[in-house]
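Have a look at the structure below before the remarks.
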Amino acid sequence: MADDLTALRTKYLEKFDDYFPNIGISKEYEKEIIVNCLSKGKDAYELGYFNLEDDY
């Protein structure tokens, strides 16, 4: 799982030129979000998972 997640984080960084937000969510949920973002071509903020105005 860790290798899977590391690979997904790398793909996210390459695709969106930004790191996936590190806010303490579960690794399973992080993986789900990244896979969805990559498939839709939009980052986590564009898909509404996170908001820069909110404090996490």
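Per the working numbering, numbering of the sequence shown is gapless, rising by one per residue and ending at 142.
Backbone N, C-alpha and C fix where the C-beta goes; we use that ideal spot for every residue, glycine too.
Asked                                                              : Found
Where the alpha helix (DSSP H) through K117 begins and ends        : K113 to K126
Pairwise C-alpha distance: A130 and E139                           : 14 Å
Cα-Cα separation between S112 and I119, rounded to whole angstroms : 11 Å
Cα-Cα separation between E100 and K117, rounded to whole angstroms : 16 Å
Coil, strand or helix - E139 by DSSP                               : coil
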